[in-house]
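The number in our numbering is simply the position in the sequence shown, starting from 1, with 218 added. Read through the structure below, which is laid out as structure tokens, and then see the notes.
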Amino acid sequence: MSTGVIYILTNPSFPEYVKIGYADDLNNRLKSLNRNECIPFAFRVYAYYEVKERLKDIAIHNMIDKINPNLRAIETFDGKKRKKEFYAMSAEDAYEILKTISTLSGTSGRLHKTTPEGHEIVDEIIAEEVEKNFTYSEDTHINKACSSIQELYYRIRESITSLEGVTVESKKLYVAFKAPKNIVDIEIQKFALKITINMKKGTLKDPYNKTKDVSNIGHWGNGDYIIYLRDDADFDYVLNLIMQSYSVNKQ
219 MSTGVIYILT
229 NPSFPEYVKI
239 GYADDLNNRL
249 KSLNRNECIP
259 FAFRVYAYYE
269 VKERLKDIAI
279 HNMIDKINPN
289 LRAIETFDGK
299 KRKKEFYAMS
309 AEDAYEILKT
319 ISTLSGTSGR
329 LHKTTPEGHE
339 IVDEIIAEEV
349 EKNFTYSEDT
359 HINKACSSIQ
369 ELYYRIRESI
379 TSLEGVTVES
389 KKLYVAFKAP
399 KNIVDIEIQK
409 FALKITINMK
419 KGTLKDPYNK
429 TKDVSNIGHW
439 GNGDYIIYLR
449 DDADFDYVLN
459 LIMQSYSVNK
469 Q
């Protein structure tokens, strides 16, 4: 391939993340990543976008960080923060970003989506079987958050569970609140609560348009609306949205 590419990679070892980066040679990049024997499964290409300039991925990283700084994997090593190429988003969401860029720039022909084959399919099946037999606790999710977000979660949890018939179930990526259908799913991030409201598109009364319509985007959780809660300012507003879902799904 004469041009470099921006790639979206997935790995069954951590399906909640995608890796977005740049490579002059995608095959060599894959070989380099997959030499690591500490990762159970190999990286595979979900999609790639041909570019004519190196390091175009930095612009995409910056764009995602501005839209939602909580998606990027950041670690502290030797007292210094290190930003990774990993994002807590679905591969389809990442693909939609590249698709939008290619459409607006008139370069849709440079965007390519791949189909898993051979050992990749087998790896995904094995990973799914392992996932089925693993139990996740609510504390696992809570411990990801900073203290202020933990307090915010406990507060909204108390409000939801005070409703008749509500139960709490921990999933791999979020905590589900049911009665008996899913009312709301909460993904506890370090600096925010990502709340998916189980209402169909066009049925939620959101007068200030604070939710995001994800009906046409691949996402985790049940429902067509997502809203982020970062502090007390929108607490009552978000709770009102959740109450609408409770009224619909409690039957």
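Even glycine gets a Cβ: it sits at the ideal position worked out from N, Cα and C.
Original post:
Does DSSP put L381 in a helix, a strand or coil?
Top reply: coil
Original post:
With C-beta atoms as the reference, is N467 less than 8 Å away from I401?
Top reply: yes
Original post:
Can you round the beta-carbon distance between I406 and H437 to whole angstroms, since I take them to be within the 8 Å contact cut?
Top reply: That belief does not hold up - the Cβ atoms of I406 and H437 are roughly 16 Å apart, past 8 Å.
**OP:** Check each candidate in T421, D243, S355 and name the one with the smallest Cα separation from S463.
**Re:** T421
Subject >> 4-residue-minimum alpha helix (DSSP H) runs that sit fully inside the region 220-256, ordered along the chain >> reply: 244-251
**OP:** Could you check the C-alpha separation between F259 and I374 for me, to the nearest Å?
**Re:** 37 Å
Original post:
So, helix, strand or coil for L391, using DSSP?
Top reply: coil
**OP:** Report all residues from its chain with a CB closer than 7 Å to the CB of S320; omit the five preceding and five following residues, and keep chain order.
**Re:** Y267, S326, R328, L329
Original post:
Out of curiosity, what's the CA-to-CA distance linking T318 and I278?
Top reply: 12 Å
Original post:
Between E369 and K301, what straight-line distance do the alpha-carbon atoms span, to the nearest angstrom?
Top reply: 26 Å
Subject >> Contacting residues, own chain, Cβ-Cβ under 7 Å from Y235 (five flanking each side not counted) >> reply: A291, F304, Y305, A306
**OP:** Within its chain, find whatever has a CB closer than 8 Å to the CB of I224; leave out the 5 residues flanking it on each side and keep chain order.
**Re:** I238, G239, Y240, Y266, Y267, V269, K274, D275, I278, L316
Original post:
Can you name the start and end residues of the alpha helix (DSSP H) that H330 belongs to?
Top reply: Here H330 belongs to no alpha helix (DSSP H); instead the beta strand (DSSP E) covers 329-331.
Original post:
How would you label D333, buried or exposed, when you count the other beta carbons within 10 angstroms and need 16 or more for buried?
Top reply: Correcting the residue type first, residue 333 is Thr in the shown sequence and not Asp. It is exposed - the Cβ of T333 has fewer than 16 other Cβ atoms within 10 Å.
Original post:
At what residues does the alpha helix (DSSP H) containing V456 begin and finish?
Top reply: 453-467
Subject >> Where the beta strand (DSSP E) containing I401 begins and where it ends >> reply: 400-406
**OP:** Please check if any C-beta of chain D sits within less than 8 Å of the C-beta of T429.
**Re:** Protein chain content of the structure displayed is limited to a single chain, and chain D is not contained in it.
Original post:
Alpha carbon to alpha carbon, what distance is there between A451 and Y372?
Top reply: 16 Å
Subject >> DSSP bridge partner residues for E376 (one or two, in chain order) >> reply: Per DSSP, none; premise fails for E376.
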